[in-house]
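Residue numbers (our numbering): 1 to 224. Beta carbons are placed, not taken as given, at the ideal position from N, Cα and C, and that holds for glycine. Owing to the predicted nature of the structure, the values given are computational and were not obtained by experimental measurement. Comments concern the structure below.
This is the structure we're talking about:
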């Protein structure tokens, strides 16, 4: 697969025409790195000097506790950026360890080349800013849900009330997997609580990604 085809599938190059992509790729300096399952992409503290794009495969990020145990912070799939906002930061180092979940391929574009690309294409710059803004919002919500609400019940109730509209409907802007990551819980555990709310008649699934809250009072009774 050509570099053009690889980049077309990534979030930062989304919506850019083949014609514009070819112009951007002319004389572009980059390298492609192929890794096997469980290979280390980067350790916490490693310097970030390139924009790193996961063009194939999956990776997960983890942090080590003082007792030696590790916790998975996030999982990233094909097309995502790795620590995309950190390349331009004062402390431009990886905040976590990054490990491949399966055979993967990474594209490395040097910082200077990235700046040149942004100057040449506003769409690309807009995509990048959108990606890092969404990531910042996601992490902010994750921190709030993790510290303000201890139980899955309370996390889910807070999420529902935070996103409910005038018709008492909640449009799920994220997948169950993403919401579980935001909450810092396992997806099966969140699905179990959600099913419990539906079975008890507190929620009704209107569409695949739309839930109706039948009674806010009954919902609040589920607060631990």
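Should residue i go down as buried or exposed, given a rule of 16 or more other Cβ atoms within 10 Å for buried?
i: residue 198; result: exposed
i: residue 304; result: Because the chain here runs from 1 to 224, residue 304 falls outside it and cannot be looked at.
i: residue 220; result: exposed
i: residue 100; result: buried
i: residue 80; result: buried
i: residue 43; result: exposed
i: residue 155; result: buried
i: residue 50; result: buried
i: residue 84; result: buried
i: residue 203; result: buried
How many whole angstroms separate the CB atoms of residue i and residue j, which I take to be in contact at a CB cut-off of 8 Å?
i: residue 105; j: residue 56; result: 4 Å
i: residue 183; j: residue 190; result: 6 Å
i: residue 59; j: residue 96; result: Not quite, the Cβ-Cβ distance comes to about 11 Å (not below 8 Å), so this is no contact.
i: residue 35; j: residue 21; result: Rounded, the Cβ-Cβ distance is 25 Å, inconsistent with contact.
Would you report the Cα separation of residue i and residue j, rounded to the nearest angstrom?
i: residue 177; j: residue 185; result: 9 Å
i: residue 92; j: residue 161; result: 37 Å
i: residue 47; j: residue 209; result: 40 Å
i: residue 78; j: residue 137; result: 21 Å
i: residue 128; j: residue 76; result: 16 Å
i: residue 218; j: residue 224; result: 13 Å
Residue i lies in the beta strand (DSSP E); which residues open and close that run?
i: residue 73; result: 70 to 77
Just to confirm the assignment, what range does the alpha helix (DSSP H) spanning residue i have?
i: residue 208; result: Looking at the DSSP string, residue 208 is not in any alpha helix (DSSP H), and its letter there is neither H nor E.
i: residue 217; result: 216 to 220
Tell me whether residue i counts as near the ligand SAM, meaning its Cβ is closer than 7 Å to at least one heavy atom of that ligand.
i: residue 98; result: Among the components of this structure there are no ligands whatsoever, and the ligand SAM is therefore not found.
Curious, which full-length beta strand (DSSP E) runs of at least 3 residues does the segment 5 to 60 contain? 31 to 35, 40 to 42 and 50 to 56
Beta strand (DSSP E) runs wholly inside the segment 148 to 196, at least 3 long, in chain order: 169 to 171
Could you give the uninterrupted runs of the alpha helix (DSSP H) lying entirely in the segment 97 to 132, keeping only those of 4 residues or more? 111 to 120
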